[in-house]
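As structure tokens, the structure follows; a few thoughts come after it.
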Amino acid sequence: MTSNKPYLIRAFFEWIVDNELTPYIAVDAYFPDVEVPVAYVTDGQIVLNIAPVSVGGFAMGEHAIEFSARFGGKLEHLIVPYEAVAAIYARENGVGTSFEVNYPPLSEEEPETVEEDPKPPKKGKPTLSIVK
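Per my numbering, residue 381 is the first one in the sequence shown, and the count goes up by one each step.
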């Protein structure tokens, strides 16, 4: 079964905007595939204003939220996978919801095997020795 998180985030976003409030999302900045300006990350998290009047090129895709925003006067392109969103809420009154951020399991790749050079064959006759 697919995650309901993207649907809930979209629904809360629409509800917040329909009520003429400002939608903010709290994002786990270290989640895989998150692209945010790291200079604005605090304690592994970044809070983003995603109001339609504040961002450009806003798209809530199948797997991520993408948009452009200015940070310190510099235009940045941001990508936030839905699974990295820890909360969505209205700035004015804090009404919204929070989510658990579950990191994907680490892939269990086979460790690289380094083939050692086989020992060169010994030359000459084998010998036995007595050990006391």
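Even for Gly, the Cβ is constructed at its ideal location relative to N, Cα and C.
For residue j and residue i, the rounded distance between their alpha carbons
i	j	result
VAL397	GLY476	12 Å
ILE445	VAL465	10 Å
GLU513	GLU472	Outside the shown range of the chain, which is 381 to 512, sits residue 513, and nothing can be said about it.
GLY437	GLY453	17 Å
ALA419	ILE426	10 Å
HIS443	VAL460	9 Å
LEU428	VAL435	10 Å
PHE392	VAL416	22 Å
GLY441	SER383	14 Å
Residues near residue i by beta carbon distance below 6 Å, same chain, minus five either side
i	result
TYR387	none
LEU401	ALA470 and GLU472
Cβ-Cβ separation, residue j to residue i (assumed contact under 8 Å), whole Å
i	j	result
TYR462	LYS385	5 Å
GLU456	ALA467	So it is not a contact: roughly 21 Å between Cβ atoms.
ILE430	PHE451	Actually they are not in contact, since the Cβ atoms of ILE430 and PHE451 sit about 14 Å apart, beyond 8 Å.
Residue i classed as buried or exposed, judged by whether at least 16 other C-beta atoms fall within 10 angstroms
i	result
LEU458	buried
TYR410	exposed
ILE510	exposed
ALA406	buried
LYS486	Before going on, a small fix: residue 486 reads as Leu here, not Lys. Answer is exposed; the Cβ neighbour count stays below 16.
ASP413	exposed
VAL433	exposed
ASP408	buried
Residues near residue i in its chain [Cβ-Cβ closer than 7 Å; skip 5 each side]
i	result
TYR469	TYR404, VAL475 and GLY476
SER478	ALA466 and ALA467
Residues of its chain near residue i, where Cβ-Cβ distance is below 8 Å and the 5 sequence neighbours each way are ignored
i	result
VAL481	ASP408, PHE411, GLU463, ALA464, VAL465 and ALA466
MET381	none
Residue i CB to nearest heavy atom of the ligand ADP below 7 Å
i	result
HIS457	Within the structure as shown, the ligand ADP is missing, as the structure has no ligands at all.
Can you list, in chain order, the stretches of the beta strand (DSSP E) that have 3 or more residues and sit fully within the segment 421-478? 425-429, 436-440, 444-451, 454-461, 465-470 and 476-478
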